[in-house]
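K.L.:
Residue numbers (this note's numbering): -17 to 440.
Note that CB positions come from ideal geometry on N, CA and C, so glycine has one too.
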Amino acid sequence: MQAASLDQFRAQFRGQIIQPNDADYDSARKVYNAMIDKRPRLIAKCADVADVIYAVNFGRENGLLTAIRGGGHNGAGLGICDEGLVIDLSRMKGVRVDPTARTVQVAGGCVWGDVDHATHAFGKATPCGFISTTGVAGLTLGGGIGYLTRKYGLTIDNLLEVEMVLADGRFVAAGPKKNPDLFWAVRGGGGNFGVVTSFLFRLHPVKMVYAGPTFWPLDQAADVMRAYREFIVNAPEDVNGFFAFLVVPPVPMFPEHLHNKTMCGIVWCCTGREAKAAKALKPMRTFGKPAFDHVGMMPFPILQSLFDGLYPPGLQWYWRADFVKELSDEAIALHVKHGAALPTMHSTTHLYPIDGAPARIGKTETPFTHRDAKWAQVIVGVDPDPANKDKITKWCKEYFDALHPYSTGGAYVNFMMEEGQERIQATYGENYGRLAEIKKKYDPSNFFRVNQNIRPAA
Ligand SMILES: Cc1cc2nc3c(=O)[nH]c(=O)nc-3n(C[C@H](O)[C@H](O)[C@H](O)COP(=O)(O)OP(=O)(O)OC[C@H]3O[C@@H](n4cnc5c(N)ncnc54)[C@H](O)[C@@H]3O)c2cc1C
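This is the structure:
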């Protein structure tokens, strides 16, 4: 990296360039997962699209390993790198709702809370995730699974257009009619194809939802899981409910006698009318003997931020995932065994339903190929104390190894650690070859490789 080249970069750049000697270097290099401790040479906090173009050109011309940071939430820490350059979009906020067209335009540095805030005022939402602090960019580019998935599809199924800066510094739009190959690739192919500076999403009429948790004691877990596997795939698509093993947090929302108890539960989110939702949920909410049931109408952004306080940035985080087509009795028995042994209060297992609307999109229509799976399963070891890093990792890996034979073989890219090429290829399945060809066209030198990497075709 030439000093003159850095001086020129600084002169062009409107945002902030942070180096290891700067006072805010340590806070700027922190990502959500405190297990990740990387030290880039430069962090370029972009103010606008021009800054992104300058940063991409600077990184490429100086041969720097270059990471792209949106919300910084990636479990594997793929929004940052050692030694190289980080193109950080966190200052690039801005959400514009078009109520007539029923769309929302979102700048590349937004988190989902920014979007919910803006769209809720119009009584609308686009499918996002289960927590409001996740970056729009990373979540969308990997697929996007959340409370509205069964009803309205994955986040990518609601993506209408992107604007992005390519590896050669060109700024382009991609949509069904503009660079359609690129548009196909970004709907699941992650940050492999360029820096997305803006997203355009379709909006749906979602304002209030019928939502909240139902918990059961562990001795009912196998029965509850068996009932849930039948219930959810036959429920109307207005009904969403993810299954969890969890430790009840010691907070006033929950009765004291349940605090710190390991339980199983379902977290509900229903769109549509309250009476209809209550009727649809009744068979599951009254199944067995629930220990806690707290479901009612609430604004969608409240549901979206319900877990923000429980999972602040700075926790140790290790997770493993799979897609699941069916929950056999054997798989359920293994879930109960490992789920009952959650190693810490924050650790958890979630089974997110992805049947319904996502299954109506073909396996090759987007890179997200596991359209026939019923659940995205994620096993999450979490704790504030770095001393527990090995304990949560060991539990997570053992649990994953036990359940992996019952999966489809690939995983949701956004729930993966750095697990190697074989896993990435299993994840994209028959779409991998087409992704590699598009990568060759738009990023032949694999400049954008700090990600779940798709290698350019030979
Ligand atoms: C607490 C928590 C909750 C989560 N909940 C959900 C959920 O409900 N549903 C769900 O689907 N996922 C969820 N995830 C997973 C999440 O989607 C991924 O971790 C995702 O990578 C985060 O995106 P980000 O922008 O915050 O991450 P970053 O760490 O900033 O980036 C992640 C990846 O995206 C790429 N990237 C980021 N910004 C851009 C951009 N502008 N252009 C091109 N590439 C870019 C980066 O290169 C990197 O490879 C959750 C993660 C956590 C930690």
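If you draw a straight line from the C-alpha of Cys378 to the C-alpha of Ala(-14), how long is it?
P.N.:
One-based indexing of the sequence shown puts residue 378 at position 396. One-based indexing of the sequence shown puts residue -14 at position 4. Spanning the two alpha carbons is a distance of roughly 48 Å.
K.L.:
How far does the beta strand (DSSP E) with Ser(-13) in it reach, from first residue to last?
P.N.:
As a working mapping, residue -13 is identified with position 5 in the sequence shown. From DSSP, Ser(-13) is part of no beta strand (DSSP E) but of the alpha helix (DSSP H) over -15 to -6.
K.L.:
Curious, which full-length beta strand (DSSP E) runs of at least 3 residues does the region 3 to 76 contain?
P.N.:
Taking only runs of at least 3 residues, the beta strand (DSSP E) segments lying wholly in the region 3 to 76 are 24 to 27, 48 to 51, 67 to 70.
K.L.:
Roughly how far, in whole angstroms, is the beta-carbon of Arg42 from the beta-carbon of Val68, given that I think they are within contact range, below 8 Å?
P.N.:
Start at 1 with the first residue of the sequence shown, and residue 42 comes out as number 60. Start at 1 with the first residue of the sequence shown, and residue 68 comes out as number 86. Not a contact, Cβ separation roughly 15 Å.
K.L.:
Return the chain-ordered list of same chain residues with a C-beta closer than 7 Å to the C-beta of Thr375, the five sequence neighbours on each side being excluded.
P.N.:
Counting from one through the sequence shown, the residue named residue 375 turns up at place 393. Contacts found: Tyr300, Gly363.
K.L.:
Let me make sure I understand the geometry here. Which of Gly57, Val144, Tyr129 has the alpha-carbon closest to that of Gly90?
P.N.:
Here residue 90 refers to the residue found at position 108 of the sequence shown. Out of Gly57, Val144, Tyr129, Val144 has the C-alpha closest to the C-alpha of Gly90.
K.L.:
Is Tyr300 near ligand 1, in the sense that its beta carbon is under 8 Å from a heavy atom of that ligand?
P.N.:
Against the sequence shown, residue 300 aligns to sequence position 318. No, the beta carbon of Tyr300 sits no closer than 8 Å to any heavy atom of ligand 1.
K.L.:
Could you check how far apart the C-beta atoms of Gly120 and Asn396 are, in whole angstroms? I think they sit under 8 Å.
P.N.:
By 1-based counting over the sequence shown, the position of residue 120 is 138. By 1-based counting over the sequence shown, the position of residue 396 is 414. Indeed they touch by this definition, with Cβ atoms about 7 Å apart.
K.L.:
Would you call Val168 buried or exposed, if buried means 16 or more other Cβ atoms sit within 10 Å of its Cβ?
P.N.:
Along the sequence shown, read from residue 1 onward, the residue named residue 168 stands at position 186. It is buried - the Cβ of Val168 has at least 16 other Cβ atoms within 10 Å.
K.L.:
Please tell me whether, using a cut-off of 8 Å, the distance from the CB of His55 to the nearest non-hydrogen atom of ligand 1 is below it.
P.N.:
Residue mapping note: residue 55 aligns to position 73 of the sequence shown, counting from 1. Checking the Cβ of His55 against ligand 1 gives yes.
K.L.:
Tell me whether Arg447 is buried or exposed, calling it buried when 16 or more other Cβ atoms sit within 10 Å of its Cβ.
P.N.:
In the structure as shown, the chain begins at -17 and stops at 440. Residue 447 is therefore absent and cannot be evaluated.
K.L.:
To the nearest angstrom, report how far apart Gly157 and Phe165 are at their CA atoms.
P.N.:
The residue labelled residue 157 in the question sits at position 175 within the sequence shown. The residue labelled residue 165 in the question sits at position 183 within the sequence shown. Roughly 5 Å separates the two Cα atoms.
K.L.:
Count Cβ pairs between the region 205 to 220 and the region 256 to 270 that sit closer than 8 Å; are there 3 or more?
P.N.:
These segments touch.
K.L.:
Which partner residues of Trp94 appear in the DSSP bridge assignment?
P.N.:
Position 112 of the sequence shown, counted from the first residue, corresponds to residue 94. Paired residue(s): none; Trp94 is not in a bridge.
K.L.:
My parser needs the alpha helix (DSSP H) runs of 4 or more residues fully inside the region 159 to 190; what are they?
P.N.:
Listed in chain order, they are 162 to 168.
K.L.:
With distance defined between alpha-carbon atoms, name the residue in Ala83, Pro81, Ile113 nearest to Asp96.
P.N.:
Start at 1 with the first residue of the sequence shown, and residue 96 comes out as number 114. Residue Ile113 is the option with its Cα nearest to Asp96.
K.L.:
Return the chain-ordered list of same chain residues with a C-beta closer than 7 Å to the C-beta of Thr116, the five sequence neighbours on each side being excluded.
P.N.:
By one-based count along the sequence shown, residue 116 stands at place 134. Result list for Thr116: Gly53, His55, Val93, Trp94, in chain order.
K.L.:
Smallest Cα separation from Gly338: which of His102, Gly(-3), Leu130?
P.N.:
Taking the first residue of the sequence shown as 1, we reach residue 338 at position 356. Gly338 has its Cα closest to that of Leu130, out of His102, Gly(-3), Leu130.
K.L.:
What would DSSP say about Leu141, mapped onto helix, strand or coil?
P.N.:
Mapped onto the sequence shown, residue 141 falls at position 159. Three-state DSSP puts Leu141 in a strand.
K.L.:
Compare the beta carbon distance of Gly135 and Tyr192 with 9 Å and say whether it is the shorter of the two.
P.N.:
Position 153 of the sequence shown, counted from the start, is the residue given in the question as residue 135. Position 210 of the sequence shown, counted from the start, is the residue given in the question as residue 192. For Gly135 and Tyr192, no; Cβs fall outside 9 Å.
K.L.:
Just verifying my parser: in three-state terms, what is the DSSP assignment at Asp337?
P.N.:
As a first step, residue 337 is located in the sequence shown; it is residue number 355 there, counting from the start. Of the three classes helix, strand and coil, the one that applies to Asp337 here is coil, per DSSP.
K.L.:
Is it true that the region 344 to 352 meets the region 317 to 327, where meeting means three or more beta-carbon pairs spaced less than 8 Å apart?
P.N.:
These segments do not touch.
K.L.:
CB Phe236 to CB Val230, shorter than 9 Å?
P.N.:
On the sequence shown, position 254 is the one that residue 236 refers to. On the sequence shown, position 248 is the one that residue 230 refers to. Result yes, Cβ atoms of Phe236 and Val230 sit closer than 9 Å.
K.L.:
Output the distance between the C-alpha atoms of Phe197 and Met190, rounded to the nearest integer angstrom.
P.N.:
Start at 1 with the first residue of the sequence shown, and residue 197 comes out as number 215. Start at 1 with the first residue of the sequence shown, and residue 190 comes out as number 208. Cα to Cα, Phe197 sits roughly 22 Å from Met190.
K.L.:
Quick one: residues in its chain with C-beta nearer than 8 Å to the C-beta of Glu380, no 5 flanking neighbours on either side, listed in chain order?
P.N.:
Along the sequence shown, read from residue 1 onward, the residue named residue 380 stands at position 398. Closer than 8 Å at the Cβ level, and outside the excluded window around Glu380, lie His320.
K.L.:
According to DSSP, is Arg78 part of a helix, a strand, or is it coil?
P.N.:
The residue labelled residue 78 in the question sits at position 96 within the sequence shown. If DSSP states are grouped into helix, strand and coil, Arg78 belongs with the strands.
K.L.:
Between which two residues does the beta strand (DSSP E) carrying Asn216 extend?
P.N.:
Counting from one through the sequence shown, the residue named residue 216 turns up at place 234. Segment 203 to 216 is the alpha helix (DSSP H) holding Asn216; no beta strand (DSSP E) there.
K.L.:
Flag Leu121 as yes when its Cβ comes closer than 8 Å to any non-hydrogen atom of ligand 3, and as no otherwise.
P.N.:
Ligand 3 is not part of the structure shown, which contains ligand 1 as its ligands.
K.L.:
Based on the DSSP secondary-structure assignment, which residues constitute the bridge partners of Ile248?
P.N.:
In the sequence shown, residue 248 corresponds to position 266, counting from 1. DSSP output for Ile248 lists Thr196, Phe225 as bridge partner(s).
K.L.:
Let me check you understand the geometry: is the CB of Arg353 closer than 8 Å to at least one non-hydrogen atom of ligand 1?
P.N.:
Reading the sequence shown from its first residue, position 371 is the one you call residue 353. Because no heavy atom of ligand 1 lies under 8 Å away, the Cβ of Arg353 does not count as near it: no.
K.L.:
Quick check on the DSSP output: the alpha helix (DSSP H) that includes Val364 runs from which residue to which?
P.N.:
Working through the sequence shown from its first residue, we reach residue 364 at position 382. Counting along the chain, Val364 falls outside any alpha helix (DSSP H), though it belongs to the beta strand (DSSP E) covering 357 to 365.
K.L.:
Can you tell me the Cα-Cα spacing of Glu212 and Gly411, whole angstroms?
P.N.:
Translated into the one-based positions of the sequence shown, residue 212 becomes position 230. Translated into the one-based positions of the sequence shown, residue 411 becomes position 429. Taking the straight line joining both Cα atoms gives about 27 Å.
K.L.:
From Asp311 to Gln202, what does the alpha carbon distance come to, in whole angstroms?
P.N.:
Against the sequence shown, residue 311 aligns to sequence position 329. Against the sequence shown, residue 202 aligns to sequence position 220. In a straight line, the C-alpha of Asp311 is about 14 Å away from that of Gln202.
K.L.:
By how many angstroms is the C-alpha of Val31 removed from the C-alpha of Asp275?
P.N.:
Reading the sequence shown from its first residue, position 293 is the one you call residue 275. Reading the sequence shown from its first residue, position 49 is the one you call residue 31. Their Cα atoms are separated by approximately 47 Å.
K.L.:
Give the secondary structure of Asp311 by DSSP, where H, G and I count as helix, E and B as strand, and everything else as coil.
P.N.:
As a working note, residue 311 is residue 329 in the sequence shown. Note: Asp311 maps to helix in three-state DSSP.
K.L.:
Measuring CB atoms only, is the region 246 to 257 touching the region 290 to 300, in the sense that at least three cross pairs come out at less than 8 Å?
P.N.:
Not touching, per the Cβ criterion.
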